[in-house]
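In the UniProt record's numbering, the protein residues as written are 1 to 217. Notes for the one structure printed next.
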Ligand code: SF4
């Protein structure tokens with residue numbers, strides 16, 4: 001029997017209010033606002049990325065540009081879900097919700113430890129609201145918030161136990177789908193990514209999310 005996908009006590013109104021509060025947040029002076037939020041997906045799957053790029057604040061959705069195209073291609077290949085279905089079924093969070101700006105030498109600035117700690121309040125609240133069964137960590141910065149990361153190859157392709165503020169979930173780490181990274185396009189990264197995506201596809205939270213959204217149609 002499939003397990004229930006949604007915390008029966010979860011209030012969509014509370015989640016919408018939460019997303020509005022994140023969007024209005026101005027706590028970090030160096031960050032480029034507005035913060036980027038996704039849809040109020042209540043199906044027990046929480047995806048935690050790193051931080052938005054420069055396009056996402058304008059387009060107002062996480063993973064809206066090139067890395068997103070790759071991420072949604074991965075998920076479509078493994079789950080058969082369209083981008084729209086992923087956005088409806090997976091709650092998108094991030095280590096930091098605002099674009100950090102560019103480094104003088106090029107590339108996006110890595111958020112400071114203070115900014116990461118400041119933004120953590122939103123994630124803490126999301127664990128309370130969503131009680132996720134499956135957590136997808138996308139990219140090294142996100143994985144580092146929960147696990148010691150030596151080499152990515154030691155973690156990608158595995159399902160890890162995650163305990164956060166007393167809440168337990170399964171965690172499947174994924175590499176960052178950035179075009180600048182070759183990790184997921186060369187071995188052993190390619191095979192490990194495939195193994196990780198198969199684990200996502202086989203997780204009961206995925207079937208439950210699919211069933212729940214289809215029942216709503
Ligand atoms: S990074 Fe997070 S805490 Fe900082 S301003 Fe953006 S939403 Fe607020």
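Each residue gets a CB set at the ideal place from its N, CA and C atoms; glycine is no exception. Quantities reported herein were computed from a predicted structural model and do not represent experimental measurements.
- Item | Residue list, Cβ distance to the ligand SF4 heavy atoms smaller than 5 Å | Checking every Cβ against the heavy atoms of the ligand SF4 under 5 Å gives 25, 27, 28, 31, 35, 96, 97, 98, 118, 119.
- Item | Unbroken alpha helix (DSSP H) run spanning residue 119, endpoints | 113-130
- Query: In terms of alpha-carbon separation, which member of 158, 154, 181 lies closest to residue 136?
  - Reply: Ranking 158, 154, 181 by Cα distance to residue 136 puts 158 first.
- Query: Near residue 102, which residues of its chain fall below 8 Å by C-beta distance, leaving aside the five closest residues on each side in sequence?
  - Reply: Here the set comprises 54, 108, 109.
- Task: Kindly list the residues whose CB is nearer than 8 Å to the CB of residue 4, restricted to its own chain and excluding five residues on each side of it in sequence; keep chain order.
- Result: Residue confidence is low: residue 4 scores 42 on pLDDT, short of 50, so the model does not pin down where it sits. No coordinate-derived value is stated.
- Query: Looking at the unbroken alpha helix (DSSP H) that takes in residue 167, where does it start and where does it end?
  - Reply: From DSSP, residue 167 is part of no alpha helix (DSSP H) but of the beta strand (DSSP E) over 167-174.
- According to DSSP, is residue 6 helix, strand or coil? With a pLDDT of 49 at residue 6, under the threshold of 50, the modelled position of that residue is not reliable, and the figure given next carries that caveat. Residue 6: coil per DSSP, three-state reduction.
- How do the stretch 61-73 and the stretch 20-29 stand: do at least 3 beta-carbon pairs fall below 8 Å, yes or no? no
- Query: Taking Cβ to Cβ, would you say residue 59 is nearer than 8 Å to residue 90?
  - Reply: no
- Item | Own chain residues within Cβ distance below 7 Å of residue 83, not counting five before or after | 72
- Message: What does the Cβ neighbour count give for residue 186, buried or exposed, with the cut at 16 atoms within 10 Å?
- Response: exposed
- Task: Please say whether residue 87 and residue 122 have beta carbons closer to each other than 8 Å?
- Result: Cβ distance not < 8 Å, so residue 122 and residue 87 don't count as in contact.
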